[in-house]
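Asks:
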Amino acid sequence: MTDWINVIVQGVLVGGLYAMFAAGLSLIFGVMRLVNIAHGDLIVLAAYLALVTTQSLGLNPLASLVVVVPLMAAIGYALQWLVLNRTLGDDLLPPLLVTFGLSVIIQNTLQELFTADPRKLQAGNIEYESFPLIEGVLIGKLPLIQFVLAVLVIAALQLIFYRTALGRAFRATADDSDVAQLMGLDNRHVFALAMALSLAVVAIAGVLLAVRANFDPTIGPARLIFGFEAVIIGGLGSLWGTLAGGIMLGVAQAIGAKLDPGWQILAGHLAFLVVLAIRPQGLFPKVQG
Amino acid sequence: MPEPLLTVRALDAFYGDFQALFGVSISVSRGQAIAVIGANGAGKSTLLKSIAGLMRSRGEAIVFDDDPIGDLPAHAVARRGIALVPEGRRLFPSLTVEENLLIGGQGGRPGAWSLARIYELFPALAERRHMPSTALSGGQQQMAAIGRALMSNPKLLLCDEVSLGLAPIVVREIYARLPSLIAEGLSLIIVEQDIVQALKAASHVYCLQEGRVALEGAASGLTREAISAAYFGV
Chain C
154 MTDWINVIVQ
164 GVLVGGLYAM
174 FAAGLSLIFG
184 VMRLVNIAHG
194 DLIVLAAYLA
204 LVTTQSLGLN
214 PLASLVVVVP
224 LMAAIGYALQ
234 WLVLNRTLGD
244 DLLPPLLVTF
254 GLSVIIQNTL
264 QELFTADPRK
274 LQAGNIEYES
284 FPLIEGVLIG
294 KLPLIQFVLA
304 VLVIAALQLI
314 FYRTALGRAF
324 RATADDSDVA
334 QLMGLDNRHV
344 FALAMALSLA
354 VVAIAGVLLA
364 VRANFDPTIG
374 PARLIFGFEA
384 VIIGGLGSLW
394 GTLAGGIMLG
404 VAQAIGAKLD
414 PGWQILAGHL
424 AFLVVLAIRP
434 QGLFPKVQG
Chain Y
-6 MPEPLLTVRA
4 LDAFYGDFQA
14 LFGVSISVSR
24 GQAIAVIGAN
34 GAGKSTLLKS
44 IAGLMRSRGE
54 AIVFDDDPIG
64 DLPAHAVARR
74 GIALVPEGRR
84 LFPSLTVEEN
94 LLIGGQGGRP
104 GAWSLARIYE
114 LFPALAERRH
124 MPSTALSGGQ
134 QQMAAIGRAL
144 MSNPKLLLCD
154 EVSLGLAPIV
164 VREIYARLPS
174 LIAEGLSLII
184 VEQDIVQALK
194 AASHVYCLQE
204 GRVALEGAAS
214 GLTREAISAA
224 YFGV
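Below, the structure written as structure tokens:
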């Protein structure tokens, strides 16, 4: 019995990370209807930026967030302003193709610079320390920190979206970008800010991913898939739903791995397919007024 | 004649190969209300879209406050003090009534308008300030759309088909608010199919027909016959 509790608890904790993969993706799709195929590779890029930061400045990986988050946000603003804004229009295909190309470019550039060797960020003892939740169920400090960070990130995004002028501008532009411009909002600037925010979340996700497991330049697309699945399971447009989606995906993978280590990824995809078949709008779709 | 606030000079507008406006010229002075009337497809909305910057034109074709603005994007035009109340209201559906108003004020133009003053002008909105904008009746939505535009403290307000789809009593109620705005120095361009309302609210009228100004004159000086001739081109 404690075996299974353990499996579910670990799955929930991983789910926080998946929710963070998903939150940035969902934010961008929500604000500008852009499906960012390079999202997973940007997570990996953030991981490498953290690697460089920790090595050159001698920082702890979690402290490197202070550098990596603003850096990724700046990259996001520039990327949107210089490249992606030119692809937006009535047609969904150009941004899809451009971000696909971007994904290839990021993977190959990272491979040139860092080789294909797996890397990992060392966070010190915190990686191994744990405390018992109940008899037989240990909670790792690091997974717990990751989960708490994920909840904080989702809460912060929720706050920004529904309680600030910036969030109001995001929602207005998403609703009707022509009229938003009539209100004096510059779409290009609003979109660039959304991408900056998305990549700030990506930075956190990337650092946590890099502390948690080995990474190499090619693992981005799989993170993109996990992010997508979490968004769809949770329901488009709902941030707390995205957290729930990430958790569900994490738990499904943990249960699959428990049954047979080879089934981990498959179980996650199956859970996603089941939700898509039974409830295509997701578990917590945005309420349409 | 007082100094014009807005001058549109020989404006052409195109949708691809289709030309919607042919050399349209109009002018609005400070504190003046003009009406632009015409049948469906005469180019009224195109004219407003061009002024608001949703359609670009030659810079000098549209001069506002002595500056050419024809080639500016919509957000830059809005920040100079032109606000459009779009046809069909087009409130932001995922925002509450109050958030819709706040978006209007987000551009940061200084001026006298505040949430409190909008609620004073349209008390019906105050009671429903925290409702989703989609929960409002058509008339209340129109009030919110006008309020949203006013929140940007414009010098010139463009009203596109304010009466469309609304009960006559509601239309009268909304139009009754306009004179007080004009008295404060706001300039208005009213685009209407409801000619009676338009003639009552405006001092000067332009009638568009197939993208050209077919008739213009003081609202009081135009006869019904002249207007219907210009309106239908018969």
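If you read the protein sequences in the order shown, they are chains C and Y.
In terms of this note's numbering, the first sequence opens at residue 154 and continues consecutively.
In terms of this note's numbering, the second sequence opens at residue -6 and continues consecutively.
Think of the CB as a built atom: it goes at the ideal place given N, C-alpha and C, for glycine as much as any other residue.
1) C:ILE287: buried (16+ other C-beta within 10 angstroms of its C-beta) or exposed?
2) When you compare the CB of Y:GLU185 with every CB in chain C, is at least one pair closer than 7 Å?
3) Just tell me which of Y:SER156, Y:LEU47, Y:ILE30, Y:ARG51 has its CA closest to the CA of Y:GLN135.
4) Please report whether the beta-carbon of C:LEU346 lies at a distance below 7 Å from any beta-carbon of chain Y.
5) Is the CB of Y:LEU181 under 7 Å away from at least one CB in chain C?
6) Output yes or no for whether 7 Å exceeds the beta carbon distance between Y:LEU228 and Y:VAL78.
7) Cβ of C:ASP244 less than 7 Å from any chain Y Cβ?
8) Under 7 Å, do C:LEU335 and Y:ALA219 count as touching if we go by C-beta distance?
9) By Cβ distance below 6 Å, which residues in the same chain neighbour Y:ARG51 in space, the five residues on each side in sequence not counted?
10) How would you write the range of the alpha helix (DSSP H) that C:GLY164 sits in, first residue to last?
11) Going along the segment 311 to 337 of chain C in order, which residues come within less than 8 Å of chain Y, judged by CB to CB distance?
12) Do you know whose CA, among Y:LEU94, Y:ALA169, Y:VAL184, lies nearest Y:ASN146's CA?
13) Is there a Cβ of chain Y sitting closer than 7 Å to that of C:ASP369, yes or no?
14) By the DSSP assignment, the beta strand (DSSP E) with C:VAL236 in it spans what residues?
15) Under DSSP, the beta strand (DSSP E) around Y:ASP10 begins and ends at which residues?
16) Figure out for me which residue from C:GLY164, C:PRO370, C:MET173 has the closest Cα to the Cα of C:ALA303.
17) Within 7 Å of any Cβ in chain C, is that where the Cβ of Y:GLY9 sits?
18) Interface residues of chain Y around C:ASP270 at Cβ under 9 Å?
19) Measure from the alpha carbon of C:ASP369 to the alpha carbon of each residue in C:ILE259, C:GLY183, C:ALA407, then state which is nearest.
20) Would you call the CB atoms of Y:MET144 and Y:GLY98 closer than 7 Å?
21) In the DSSP assignment, find the unbroken alpha helix (DSSP H) run with Y:GLU166 in it and report its ends.
22) Given a threshold of 16 other Cβ atoms within 10 Å of its Cβ, counted over all protein chains shown, does C:GLN233 qualify as buried or as exposed?
23) Report the neighbours of C:ASP194 on chain Y: residues whose CB is nearer than 7 Å to its CB, in chain order.
24) With C-beta atoms as the reference, is C:MET225 less than 7 Å away from C:ALA191?
25) Skipping 5 residues on each side, what residues in its chain have a beta carbon closer than 6 Å to that of Y:GLY74?
26) Would C:GLY390 and C:GLN406 qualify as a contact pair, given that the criterion is a beta-carbon distance under 7 Å?
27) Residue range of the beta strand (DSSP E) that Y:ALA32 falls in?
28) Below 7 Å on C-beta distance, what does Y:PRO103 contact in chain C?
29) In chain Y, what lies closer than 7 Å to C:ASP151 by C-beta?
30) Please list the terminal residues of the continuous beta strand (DSSP E) segment that includes C:PRO285.
31) Just how far apart, CA to CA, sit Y:CYS200 and Y:VAL17?
32) Would you check if the segment 306 to 314 of chain C and the segment 202 to 218 of chain C touch, i.e. whether three or more CB-CB distances between them fall below 8 Å?
33) For C:LEU423, which residues in the same chain have their Cβ closer than 6 Å to its Cβ, ignoring the five residues on either side in sequence?
34) Near C:SER330, what residues of its chain come up, given a Cβ to Cβ distance below 7 Å and the 5 sequence neighbours on each side ignored?
35) The beta strand (DSSP E) that contains C:LEU402, what's its start and end?
36) Measuring CB atoms only, is the segment 340 to 356 of chain C touching the segment 248 to 256 of chain C, in the sense that at least three cross pairs come out at less than 8 Å?
Replies: Well, looking at it:
1) Position 134 of the first sequence, counted from the start, is the residue given in the question as residue 287 of chain C. In summary, C:ILE287 is exposed, with fewer than 16 beta-carbon neighbours lying within 10 Å of its beta-carbon over all protein chains present.
2) Position 192 of the second sequence, counting from 1, holds the residue named residue 185 of chain Y. Chain C places no beta carbon closer than 7 Å to that of Y:GLU185, leaving this residue out of the contacts.
3) Sequence index remark: in the second sequence, residue 135 of chain Y carries index 142 (1-based). Minimum Cα distance to Y:GLN135 is reached at Y:SER156.
4) As a first step, residue 346 of chain C must be located in the first sequence, where it is residue number 193. No, no contact with chain Y.
5) Position 188 of the second sequence holds residue 181 of chain Y. At a cut-off of 7 Å, the C-beta of Y:LEU181 has no neighbouring C-beta in chain C.
6) Because residue 228 of chain Y is not part of the residues shown, which for chain Y are -6 to 227, the question remains open.
7) Translated into positions along the first sequence, residue 244 of chain C becomes position 91. Put simply, the CB of C:ASP244 is far from chain Y, with every gap to its CB atoms at 7 Å or more.
8) On the first sequence, position 182 is the one that residue 335 of chain C refers to. On the second sequence, position 226 is the one that residue 219 of chain Y refers to. Going by C-beta atoms, C:LEU335 is not nearer than 7 Å to Y:ALA219.
9) The count along the second sequence starts at 1 and reaches residue 51 of chain Y at position 58. If you ignore the 5 residues before and after Y:ARG51, its C-beta comes within less than 6 Å of the C-beta of GLY63, all in its own chain and listed in chain order.
10) The residue given as residue 164 of chain C occupies position 11 in the first sequence. Per DSSP, C:GLY164 belongs to the alpha helix (DSSP H) from 155 to 185.
11) Using a CB distance below 8 Å, the part of the segment 311 to 337 of chain C facing chain Y consists of ALA318, ARG321, ALA322, ARG324, ALA325, ALA327, ASP328, ASP329, ASP331, VAL332, ALA333, GLN334, LEU335, MET336, GLY337, ordered along the chain.
12) Numbered from its first residue, the second sequence carries residue 146 of chain Y at position 153. Of the residues Y:LEU94, Y:ALA169, Y:VAL184, the one whose Cα lies closest to the Cα of Y:ASN146 is Y:LEU94.
13) Counted from its first residue, the first sequence places residue 369 of chain C at position 216. Chain Y has no Cβ within less than 7 Å of the Cβ of C:ASP369.
14) Residue numbering aside, residue 236 of chain C sits at position 83 when the first sequence is read from its first letter. Premise fails: C:VAL236 is in no beta strand (DSSP E) and is neither H nor E.
15) Residue 10 of chain Y sits at position 17 when you count from the first residue of the second sequence. No beta strand (DSSP E) contains Y:ASP10, which DSSP labels as neither H nor E.
16) Here residue 303 of chain C refers to the residue found at position 150 of the first sequence. Nearest C-alpha to C:ALA303: C:MET173.
17) Residue numbering aside, residue 9 of chain Y sits at position 16 when the second sequence is read from its first letter. Chain C, which has no Cβ nearer than 7 Å to the Cβ of Y:GLY9, makes this no.
18) The residue labelled residue 270 of chain C in the question sits at position 117 within the first sequence. What C:ASP270 touches in chain Y: nothing, since even the nearest Cβ is about 46 Å away.
19) As a working note, residue 369 of chain C is residue 216 in the first sequence. It is C:ILE259 whose Cα lies nearest to the Cα of C:ASP369.
20) As a first step, residue 144 of chain Y is located in the second sequence; it is residue number 151 there, counting from the start. As a first step, residue 98 of chain Y is located in the second sequence; it is residue number 105 there, counting from the start. Result yes, Cβ atoms of Y:MET144 and Y:GLY98 sit closer than 7 Å.
21) In the second sequence, counting from the first residue as 1, residue 166 of chain Y sits at position 173. Segment 161 to 176, the alpha helix (DSSP H) holding Y:GLU166.
22) Mapped onto the first sequence, residue 233 of chain C falls at position 80. Around the Cβ of C:GLN233, a 10 Å sphere holds 16 or more other Cβ atoms; the residue is buried.
23) The sequence position of residue 194 of chain C within the first sequence is 41, counting from 1. The premise fails here: C:ASP194 is roughly 31 Å from chain Y at the closest Cβ pair, so nothing lies under 7 Å.
24) As a position in the first sequence, residue 225 of chain C is number 72, starting the count at 1. As a position in the first sequence, residue 191 of chain C is number 38, starting the count at 1. No, these two residues do not count as a Cβ contact at 7 Å.
25) To locate residue 74 of chain Y, count along the second sequence from 1; it is residue 81. Contacts found: PRO147, LYS148.
26) If you number the first sequence from 1, residue 390 of chain C lands on position 237. If you number the first sequence from 1, residue 406 of chain C lands on position 253. Taking 7 Å as the Cβ cut-off, C:GLY390 and C:GLN406 do not qualify as a contacting pair.
27) Stepping through the second sequence from its first residue, residue 32 of chain Y is reached at position 39. Element bounds for Y:ALA32: n/a, residue is neither H nor E.
28) As a first step, residue 103 of chain Y must be located in the second sequence, where it is residue number 110. Residues of chain C with a Cβ closer than 7 Å to the Cβ of Y:PRO103 do not exist; the shortest Cβ-Cβ separation is about 13 Å.
29) In the structure as shown, chain C starts at 154 and stops at 442, and residue 151 of chain C therefore has no counterpart that could be examined.
30) For the purposes of this step, residue 285 of chain C is taken as the residue at position 132 of the first sequence. Annotation for C:PRO285: the continuous beta strand (DSSP E) segment containing it runs 283 to 287.
31) Taking the first residue of the second sequence as 1, we reach residue 200 of chain Y at position 207. Taking the first residue of the second sequence as 1, we reach residue 17 of chain Y at position 24. Rounded to whole angstroms, Y:CYS200 to Y:VAL17 spans 11 Å at the Cα level.
32) Verdict: no, contact absent.
33) As a first step, residue 423 of chain C must be located in the first sequence, where it is residue number 270. In its own chain, leaving out the 5 sequence neighbours on each side, no residue places its CB closer than 6 Å to the CB of C:LEU423.
34) For the purposes of this step, residue 330 of chain C is taken as residue 177 along the first sequence, with counting starting at 1. Short of 7 Å from the beta carbon of C:SER330, and not among the five residues preceding or following it, lie these beta carbons of its own chain, in chain order: ASN340.
35) If you number the first sequence from 1, residue 402 of chain C lands on position 249. C:LEU402 -> not in any beta strand (DSSP E); alpha helix (DSSP H) instead, spanning 392 to 412.
36) Touching, no.
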